[in-house]
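Here's the structure, in structure tokens; my notes come after.
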Amino acid sequence: LDDISRARLTSGNLAKLIKERYVVGVTSNPTIFAKAVSDADDYSEQVKDLAVRGVDLEEAVRAITTYDVRWACDELRDVYDRTNGQDGRVSIEVDPRLAHNTEATIAEARALWWLVDRANAMIKIPATQEGLAAITAATAEGISVNVTLIFSLDRHRAVMDAYLSGLEQAHSKNVDLSSIRSVASFFVSRIDTEVDKRLDALSDRDGSSDEVEALRSKAAIANARLAYQSFEDVFSSDRWSALEAAGAHRQRPLWASTSVKDPDLPDTMYVDGLVAPDTVNTMPEATIDATADHGDITGDTVTPNYDDAQQVIDRLEKVGVSYDEMVQAVEDEGVDKFAASWKELQDTVEAALEGDPDVEGSK
1 LDDISRARLT
11 SGNLAKLIKE
21 RYVVGVTSNP
31 TIFAKAVSDA
41 DDYSEQVKDL
51 AVRGVDLEEA
61 VRAITTYDVR
71 WACDELRDVY
81 DRTNGQDGRV
91 SIEVDPRLAH
101 NTEATIAEAR
111 ALWWLVDRAN
121 AMIKIPATQE
131 GLAAITAATA
141 EGISVNVTLI
151 FSLDRHRAVM
161 DAYLSGLEQA
171 HSKNVDLSSI
181 RSVASFFVSR
191 IDTEVDKRLD
201 ALSDRDGSSD
211 EVEALRSKAA
221 IANARLAYQS
231 FEDVFSSDRW
241 SALEAAGAHR
251 QRPLWASTSV
261 KDPDLPDTMY
271 VDGLVAPDTV
281 NTMPEATIDA
291 TADHGDITGD
301 TVTPNYDDAQ
311 QVIDRLEKVG
321 VSYDEMVQAV
331 EDEGVDKFAA
341 SWKELQDTVE
351 AALEGDPDVE
361 GSK
């Protein structure tokens, strides 16, 4: 489930989804928390307590978000135990304003891991260039990391390398590798949004063509399928085999941003098209419901399609859509959006702490 809120927890909605929709994990991000805190008064009692104690803004935001994540971890503990730690995970993101500050990201990851204090938590670290060293350092300390905001194939390979380096360092420190889990969150729909925008610009400039039209809404699934091919390559290497023998677990691909943004497309397209072993798909509740109702889950839809996926990327380059420029644009936009959401979350919590009657959480 790609959502969390105090209301989901207090109402029993998350427990119901775990039981009836077989939800096996929860992801959160600054946008999700900003919406949750601004839209409901479920946080008012905690906010009042924090205000009475004179807690500063940064600590208050951490207290509110880690409370929800800790509760969700407890709801999913049975899943975690039943799957020997593979599933039942709940992810919380480091302050996205630190995305380009390695040392601060490492410190924040440690703080969140300590504050949540649950074995089935995961700390989300963005896959910026500066985030790579933080991924290695956190993994080396035994922290389970969800690497977020991955858009490009090269960055995905760098993320997997950072994870393996962290495992190697952990092993050298006698950290139990079997206790460490990780996922690489590869973002999907945002790729199609950006590519289709660029295809529109090409059509406006040069006129529409059959080739341009044929490439619409094809890039995201193709990109993710090639990421899975990289995953298979890395986790069949000799380097990986040595770590696996020491008890390490693969860093599974997690398909993120899998709700379809174009209403003319099938609403389960990014679920049906990305079915493969050892993958995770995080979805908003509407997409979970759609998949349960009419999803077409019929087996592996990834590995038989590597050649077709590469052809899509190659054809995009030929019509004038630069892959490197496109993925850098969506990474920059992703970091900026999460930073803006974090500011919105802070502003909402600050107003609630000050007792602003127009803020739900302050009531």
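Numbering follows my numbering, in which position 120 of the sequence shown is assigned residue number 120; successive positions increment by one, without gaps.
Using N, Cα and C, we set each Cβ at its ideal position, and we do this for glycine too.
- prompt: In chain order, what residues of the same chain have a beta carbon less than 8 Å from the beta carbon of residue 294, not counting five sequence neighbours either side?
  reply: Leaving aside the five residues that flank residue 294 on each side, the residues in its chain whose CB is nearer than 8 Å to its CB run, in chain order, 268.
query: Which value, in whole angstroms, describes the spacing of the CA atoms of residue 211 and residue 263?
result: The alpha-carbon of residue 211 is positioned some 22 Å away from that of residue 263.
- request: Return the CA-CA distance between residue 10 and residue 72, expressed in angstroms with no decimal places.
  value: Between the C-alpha atoms of residue 10 and residue 72 there is a straight-line separation of about 10 Å.
- prompt: Among the residues of its own chain, which have a CB less than 7 Å from the CB of residue 104, if the five just before and after it don't count?
  reply: Cβ neighbours of residue 104 within its own chain (closer than 7 Å, five residues either side excluded): 98.
task: Let me know if residue 270 comes out buried or exposed under the rule of 16 or more other beta-carbons within 10 Å of its beta-carbon.
output: Flag for residue 270 reads buried.
field: Beta-carbon gap between residue 87 and residue 24 smaller than 8 Å
entry: Yes. Within cutoff.
Residue from 46, 189, 196 whose Cα sits closest to the Cα of residue 281: When only C-alpha atoms are compared, the closest one is 189.
- prompt: What do you get for residue 34, buried or exposed, if any count of 16 or more other CB atoms within 10 angstroms of its CB means buried?
  reply: By the 10 Å Cβ count, residue 34 comes out buried.
field: Residue ranges of each alpha helix (DSSP H) within the segment 186-273, 4 or longer
entry: Entirely contained in the segment 186-273, the alpha helix (DSSP H) runs reaching 4 residues are, in chain order, 189-206, 210-214, 219-234, 238-245, 269-272.
- prompt: Using the C-alpha atoms, what's the distance from residue 61 back to residue 115?
  reply: Straight-line spacing of the CA atoms in residue 115 and residue 61 works out to 12 Å.
task: Would you list the residues sitting across from residue 32 in a DSSP beta bridge?
output: In the DSSP output, where bridge partners are listed per residue, residue 32 has none listed.
message: Quick check: what's the CA-CA separation for residue 74 versus residue 32?
response: Roughly 20 Å between the two C-alpha positions.
query: What span of residues does the alpha helix (DSSP H) with residue 90 cover, start to end?
result: Run containing residue 90: none in the alpha helix (DSSP H); it sits in the beta strand (DSSP E), 89-93.
- prompt: Nearest chain D C-beta to residue 271 closer than 8 Å, yes or no?
  reply: The question asks about chain D, but that chain is absent: this structure has only one protein chain.
- prompt: Do the CB positions of residue 133 and residue 102 come within less than 8 Å of each other?
  reply: Between residue 133 and residue 102, the C-beta spacing is below 8 Å.
task: State the CB to CB distance for the pair residue 279 and residue 259, rounded to an integer number of angstroms; the pair is presumed to be in contact (CB under 8 Å).
output: Wrong, their Cβ atoms sit about 17 Å apart, outside the cutoff.
- prompt: Since residue 121 is in the beta strand (DSSP E), which residue starts that stretch and which ends it?
  reply: Its beta strand (DSSP E) spans residues 121-126.
- request: Could you have a look at residue 145 and say whether DSSP puts it in helix, strand or coil?
  value: Strand.
query: With burial defined as no fewer than 16 other Cβ atoms inside 10 Å of the residue's Cβ, what is the status of residue 198: buried or exposed?
result: When all chains shown are included, residue 198 counts as buried.
Stretch-stretch touch, CB-based, cutoff 8 Å, three pairs: the segment 308-318 with the segment 223-234: Segments in contact, yes.
From 341, 3, 252, 289, residue whose alpha carbon lies closest to that of residue 181: The candidate whose alpha carbon is nearest that of residue 181 is 252.
- prompt: Which parts of the segment 134-184 are runs of the alpha helix (DSSP H), unbroken and 4 residues or longer, counting only runs that do not cross its ends?
  reply: Listed in chain order, the complete alpha helix (DSSP H) runs (minimum 4 residues) inside the segment 134-184 are 153-172.
- request: Report, in whole angstroms, the separation of the C-beta atoms of residue 217 and residue 156, which I expect to be a contact under 8 Å.
  value: Not confirmed; about 21 Å, so no contact.
message: According to DSSP, simplified to helix, strand and coil, what is residue 25?
response: In the structure shown, residue 25 sits in a strand (DSSP, three-state: E or B).
task: Quickly, what does DSSP pair residue 280 with across the bridge? List them, please.
output: Answer by DSSP bridge pairing, in chain order: 254.
- prompt: Would you call residue 57 buried or exposed, if buried means 16 or more other Cβ atoms sit within 10 Å of its Cβ?
  reply: Counting every other CB atom within 10 Å of its CB across the protein chains shown gives residue 57 a total below 16, marking it as exposed.
Beta-carbon gap between residue 70 and residue 110 smaller than 8 Å: No.
- request: Go ahead and label residue 355 buried or exposed: buried means 16 or more other beta carbons lie within 10 angstroms of its beta carbon, across all protein chains shown.
  value: Exposed: under 16 other Cβ atoms inside 10 Å.
task: Determine the burial state of residue 4: buried for a count of at least 16 other Cβ atoms within 10 Å of its Cβ, exposed for fewer.
output: Per the 10 Å Cβ criterion, buried.
message: By alpha-carbon positions, which one of 266, 158, 179, 325 ends up nearest to residue 234?
response: Residue 158 is the option with its Cα nearest to residue 234.
task: Assign residue 241 to buried or exposed, taking buried as 16 or more other Cβ atoms, counted over all protein chains shown, within 10 Å of its Cβ.
output: Taking all protein chains shown into account, residue 241 has fewer than 16 neighbouring C-beta atoms within 10 Å of its C-beta and is therefore exposed.
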